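Count along the sequence shown starting at 1, add 200, and that's the number in our numbering. Following: one structure in structure tokens, then a few remarks.
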Amino acid sequence: MDEKKLLKNFGFNFKVARMKLKLTQDDIVEMADLSNSYLSNIEGGKHNLSLINALKLSKIVNKTIEELISDT
């Protein structure tokens, strides 16, 4: 899988998981200590996030990193 596809999958799957939990971007920003623009870029598949931030975000939505990068 190429890098762009990987980032888009993570962003999309994270956003879907966040919305299913009825969490706003502001909720996530507060919980993960991130900026709104950083999170918005992650959800848009435009930012290559660190492993630490990927782990933080995956824990917040109760998903594994593997689930968040998957094509499904």
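Ideal placement from N, C-alpha and C gives every residue a C-beta, glycine not left out. Fair warning: this is a prediction, and the values are worked out from it, not measured in the lab.
- Its chain contains no residue whose beta carbon lies nearer than 6 angstroms to that of Asp233 once the 5 sequence neighbours on both sides are disregarded.
- The C-alpha of Glu243 lies about 16 angstroms from the C-alpha of Glu230.
- Distance from the Cα of Leu207 is smallest, within the candidate group Ser240, Lys263, His247, Ser258, for His247.
- CA-CA distance, Glu267 to Arg218, rounds to 13 angstroms.
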